[in-house]
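Visitor: In the working numbering, the protein residues as written are 33 to 191. Note that beta-carbon positions come from the ideal geometry of N, C-alpha and C, so glycine has one too.
(1) Looking at the secondary structure, which residues open and close the beta strand (DSSP E) in which residue 160 lies?
(2) For residue 145, which residues does DSSP report across the bridge?
(3) Using a 10 Å radius around the Cβ and a threshold of 16 neighbouring Cβ atoms, would you call residue 146 buried or exposed?
(4) Can you grab the Cα-Cα spacing for the pair residue 103 / residue 110, in whole Å?
(5) Can you grab the Cα-Cα spacing for the pair residue 77 / residue 87, in whole Å?
(6) Tell me whether the segment 60-69 and the segment 88-97 touch, counting them as touching only if at least three CB pairs, one residue from each stretch, are closer than 8 Å.
(7) Measuring CA to CA, which of 33, 83, 175 and 165 is closest to residue 135?
(8) Could you work out which residue in 112, 105 and 116 is closest to residue 129 when comparing CA atoms only?
(9) Measuring alpha carbon to alpha carbon, tell me which of 84, 139, 122 and 123 ends up nearest residue 189.
(10) Please list the terminal residues of the continuous alpha helix (DSSP H) segment that includes residue 57.
(11) Classify residue 90: buried if its beta carbon has 16 or more other beta carbons within 10 angstroms, exposed otherwise.
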């Protein structure tokens, strides 16, 4: 998802990139709790029938599901923020806080839009200067990368 806004305090633009997310964190927790309750109920039923090994494996199954949901949701909630102003272009990446950050001089910035060599693979969109480049929007679809490339070029011209 591409969200572009103009920074009101100065002549700058902020572009926020994030993957598409079909479920909120609260909905995910409710789904996980419901699934755990059903699995424990089934495990208890079989335990009372004398098949006690079903309950521990049901618990391990729910633990594996919880870990998988957590790891997946961490990837979905990552963000990339690109701030363009007349002097500097700043790129920040992270999940809940900035983990990586790059800064380039805006007059020298160029947009690198190149297809990868392999068929059916996503193309690479990057921002860079003098051989140093940072890939942006690796999680975006090609149509969203088209829009992002156009918007980045437009913002650089207007800044």
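Guide: With the given structure in hand:
(1) Start at 1 with the first residue of the chain shown, and residue 160 comes out as number 128. Here the beta strand (DSSP E) through residue 160 covers 156-161.
(2) For the purposes of this step, residue 145 is taken as residue 113 along the chain shown, with counting starting at 1. In DSSP, residue 145 forms a bridge with 157.
(3) In the chain shown, counting from the first residue as 1, residue 146 sits at position 114. It counts as exposed.
(4) Here residue 103 is taken as the residue at index 71 of the chain shown, counted from 1. Here residue 110 is taken as the residue at index 78 of the chain shown, counted from 1. The alpha-carbon atoms of residue 103 and residue 110 are separated by roughly 12 Å.
(5) Counting from 1 along the chain shown, the entry for residue 77 is found at position 45. Counting from 1 along the chain shown, the entry for residue 87 is found at position 55. Straight-line Cα distance between these residues: approximately 9 Å.
(6) yes
(7) Your numbering for residue 135 matches position 103 in the chain shown. The option with the nearest alpha carbon to residue 135 is 165.
(8) Residue numbering aside, residue 129 sits at position 97 when the chain shown is read from its first letter. Closest option to residue 129, Cα to Cα, is 112.
(9) For the purposes of this step, residue 189 is identified with residue 157 of the chain shown, where counting begins at 1. Of the candidates 84, 139, 122 and 123, the one whose C-alpha sits nearest the C-alpha of residue 189 is 139.
(10) Residue numbering aside, residue 57 sits at position 25 when the chain shown is read from its first letter. Per DSSP, residue 57 belongs to the alpha helix (DSSP H) from 57-80.
(11) Residue mapping note: residue 90 aligns to position 58 of the chain shown, counting from 1. Buried, by the Cβ-count rule.
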